[in-house]
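Residue numbering for the sequence shown follows the numbering used here, starting at 22 and increasing by one per position.
Written out below as structure tokens is the structure these notes cover.
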Amino acid sequence: MIALDQLVKYLTVTSLKPKGSIDFLHIGKFDIMDLTYVENDGAIFGSMSGQRWFLIGFPLLIIAAGIFVLIKYRKRSKLLNVAVFLFVIGGIGNLIDRIRVGYVIDMFDLQLFEFAVFNVADIYVTVAMFLLIFYAFFIDPKIEKKIKAAEEVKDE
């Protein structure tokens with residue numbers, strides 16, 4: 022999955038950078054998405070621009086925490102594992118860019134509404150966040166109830 026992210030970024034640099042932007046997806050008269058070459062030296066929506074070392078160091082800590090969660094809670098829930106895995110590989114994909122070239126290469130440019138240009142790694146992180154929210158609200162409370170019930174039976 023990291024290889025897919027890096028391949029798309031490579032193709033973006035080699036094919037799209039010289040053009041800047043191209044039409045990509047249309048439905049009827051509606052322009053859904055363009056492919057636009059962007060060098061993002063900041064974080065989400067371009068915030069923290071120019072803070073390269075922070076934007077390398079902080080993700081390293083988050084990735085390490087994600088790996089810790091994957092190891093410690095690997096038997097807790099498959100959904101949690103998938104979410105954290107996606108979060109970690111998305112972070113690694115963008116971290117590779119920051120270390121290698123000093124910025125993240127973005128290319129997917131939604132046209133239906135105003136939104137930041139993003140990449141494959143960003144998609145992984147976004148899906149991970151939705152899965153983690155779903156897990157926190159709907160799955161984890163059920164698991165906690167089972168753990169508490171098992172502890173009560175054990176104490177009797």
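All residues carry an ideal CB built from backbone N, CA and C; glycine is no exception.
Separation of residue j from residue i, as counted between CA atoms
i    : j    : result
A142 : K163 : 30 angstroms
N115 : K50  : 34 angstroms
F139 : T57  : 9 angstroms
N102 : F89  : 11 angstroms
S68  : G78  : 16 angstroms
Y31  : I126 : 9 angstroms
L100 : K93  : 15 angstroms
D52  : R97  : 43 angstroms
F129 : T147 : 14 angstroms
T33  : P80  : 23 angstroms
R73  : V59  : 16 angstroms
I43  : L37  : 8 angstroms
H47  : M150 : 28 angstroms
F136 : I83  : 25 angstroms
Residue i - DSSP class collapsed to helix/strand/coil
i   : result
S36 : helix
D55 : strand
Start-to-end residues for the beta strand (DSSP E) that takes in residue i
i   : result
F45 : 42-48
Alpha helix (DSSP H) segment containing residue i, residue limits
i    : result
A157 : It is not in any alpha helix (DSSP H) - A157 carries neither H nor E in the DSSP assignment.
Cβ distance (whole Å) where residue i is taken to contact residue j below 8 angstroms
i    : j    : result
I23  : I110 : 5 angstroms
Y156 : A104 : 6 angstroms
In chain order, what are the residue ranges of uninterrupted alpha helix (DSSP H) at least 4 long that sit wholly in the segment 93-139? Counting only runs of 4 or more, we get 99-122.
Just list the alpha helix (DSSP H) runs in the segment 63-94, keeping only unbroken ones of 4 residues or longer that don't cross its boundaries, in chain order. You should have 73-93.
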